[in-house]
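Participant: Attaching a single structure in structure tokens format; questions to follow.
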Ligand code: TYM
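Residue numbers (the numbering used here): 8 to 338.
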């Protein structure tokens, strides 16, 4: 809680072009909280450098991620939109929480295992302690609810454990946060390999639909999506490709599974793939337009970042003061 409102916090890394996985699993759901909750949405640039980034690209993507937040409906007057490195308390709390997090816990994180396999030449300490920084992001604002895709569930559980451990060692200090994982869209799979998650770092551009892809590209990618040799549009064993397309179609149209099955009865995969592409492109076209408008006004984006950093720093300072006092630091 902050004041009389419950708190929502979430973050997105500016580490690549954002995908419809990021959109459907997370960003699309953010604006629903703006009226009832005190919302903080962060561009987590400190997390992004756990893998090597080209400086000019990191800078551009940080602006882009902020602009996308707004293009997806987040009003900076109703939400605190900010860049993680602009609020030093994230790094500071992260250090403190490192001392309340176990080596064994971090070793069990599946994202660490996956990323260290992928970046075997750069298994840095930041990659290992990544979830502690994420816990700091969340706990700093006394967050009640964290909207994320299901891939972040394990990190959320760790954040809860760290909060509980600190509260137990001293006295209640942090709100123990709950994840908010959407029913549909929690895990959008790759269009080229429906057994793996759609990821912004996938080197195969046909595997991924980007939020900013134009209509022709979206249609082409859906047409090429890997499916099975069957013909019936319904989910099932061995039909992971079709099941994934059904989830995507449902997210963009709001239809139930039964409605989708009925709509495509007697029609082939081709028709269904075209319909998926159309629904996705239509939903994203206003986002793309608004994004282009916002990116043309860097001064405005910078003003939003600055205001966001001030609001976030103010809220973060309250938690930091409390934490330092409990630990025994001289204020
Ligand atoms: P990131 O940048 O990888 O992804 C941003 C959000 O998108 C969700 N997501 C997906 N959802 C469904 N299907 C997919 N294929 C898919 N791919 C990504 C992610 O679950 C996430 O919600 N560690 C976080 C960023 C972070 C954060 C935080 C999130 C840092 N601090 C504090 C919440 C709270 C991450 O890497 O997200």
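Virtual Cβ for every residue (Gly too), placed ideally from N, Cα, C.
(1) Would you kindly report the start and end of the unbroken alpha helix (DSSP H) that includes residue 266?
(2) Taking only three categories from DSSP, how would you classify residue 213?
(3) Hey, residue 243 and residue 233: beta-carbon distance below 7 Å or not?
(4) At what residues does the alpha helix (DSSP H) containing residue 309 begin and finish?
(5) Can you tell which of 318, 193, 71 and 118 has its C-alpha closest to the C-alpha of residue 154?
(6) Here's the rule: buried if 16 or more other CB atoms are within 10 angstroms of the residue's CB, otherwise exposed. What is residue 263?
(7) Which residues mark the beginning and the end of the alpha helix (DSSP H) in which residue 105 is found?
(8) Flag residue 144 as yes when its Cβ comes closer than 6 Å to any non-hydrogen atom of the ligand TYM, and as no otherwise.
(9) Does the beta-carbon of residue 98 have 16 or more other beta-carbons within 10 angstroms, so that it is buried, or is it exposed?
(10) Taking just the CA atoms, how far does residue 119 sit from residue 126?
(11) Residue 134 by DSSP, collapsed to three states: which one?
(12) Alpha carbon to alpha carbon, what distance is there between residue 267 and residue 175?
(13) Just the Cα atoms here: how many angstroms apart are residue 11 and residue 149?
(14) What residue range does the alpha helix (DSSP H) around residue 119 cover?
(15) Evaluate residue 109 with the Cβ neighbour count: other Cβ atoms within 10 Å of its Cβ, from every protein chain shown; 16 or more gives buried, anything less gives exposed.
(16) Should residue 71 be labelled buried (16 or more other beta-carbon atoms within 10 Å of its own) or exposed?
(17) In terms of DSSP beta bridges, what is residue 72 paired with?
(18) With distances taken Cα to Cα, identify the nearest neighbour of residue 163 among 20, 144, 245 and 180.
(19) What are the boundary residues of the beta strand (DSSP E) that residue 152 is part of?
(20) Starting from residue 248, trace the alpha helix (DSSP H) in both directions and tell me its first and last residue.
(21) Is any non-hydrogen atom of the ligand TYM found closer than 6 Å to the C-beta of residue 159, if you look at the structure I gave you?
(22) With a threshold of 6 Å (Cβ to nearest heavy atom), would residue 20 be considered close to the ligand TYM?
(23) Output the distance between the C-alpha atoms of residue 159 and residue 138, rounded to the nearest integer angstrom.
(24) Straight-line CA distance for residue 42 to residue 151?
(25) I'd like to check one pair, residue 31 with residue 287: are the Cβ atoms closer than 7 Å?
(26) Can you tell me which of 306, 240, 76 and 308 puts its alpha carbon nearest to the alpha carbon of residue 269?
(27) Does residue 50 come out as helix, strand or coil in the three-state DSSP assignment?
(28) Report buried or exposed for residue 336, applying the criterion of at least 16 other Cβ atoms within 10 angstroms of its Cβ.
(29) Exposed or buried, which one is residue 203 when buried takes at least 16 other CB atoms within 10 Å?
(30) Assign residue 7 to one of three DSSP states: helix, strand, or coil.
(31) Check residue 86 in the structure and name its three-state DSSP category.
(32) Do residue 268 and the ligand TYM come close, with the Cβ less than 6 Å from some heavy atom?
(33) In chain order, what residues of the same chain have a beta carbon less than 6 Å from the beta carbon of residue 28, not counting five sequence neighbours either side?
(34) Is residue 339 helix, strand or coil by DSSP?
(35) If you follow the alpha helix (DSSP H) that residue 181 is in, where does it begin and where does it stop?
(36) Whole-angstrom Cβ separation of residue 207 and residue 9, contact assumed at under 8 Å?
Facilitator: So, from the listed chains and residues:
(1) 264 to 270
(2) helix
(3) no
(4) 305 to 334
(5) 193
(6) exposed
(7) 96 to 105
(8) yes
(9) exposed
(10) 10 Å
(11) helix
(12) 49 Å
(13) 12 Å
(14) 117 to 125
(15) exposed
(16) buried
(17) According to DSSP, residue 72 bridges with nothing at all.
(18) 144
(19) 152 to 154
(20) 247 to 260
(21) yes
(22) yes
(23) 10 Å
(24) 15 Å
(25) no
(26) 240
(27) strand
(28) exposed
(29) exposed
(30) In the structure as shown, the chain begins at 8 and stops at 338. Residue 7 is therefore absent and cannot be evaluated.
(31) strand
(32) no
(33) 195 and 205
(34) Only positions 8 to 338 of the chain appear in this structure, which leaves residue 339 out of reach.
(35) Segment: none, residue 181 is in no alpha helix (DSSP H) and carries neither H nor E.
(36) With a Cβ gap of about 31 Å, residue 207 and residue 9 do not count as contacting.
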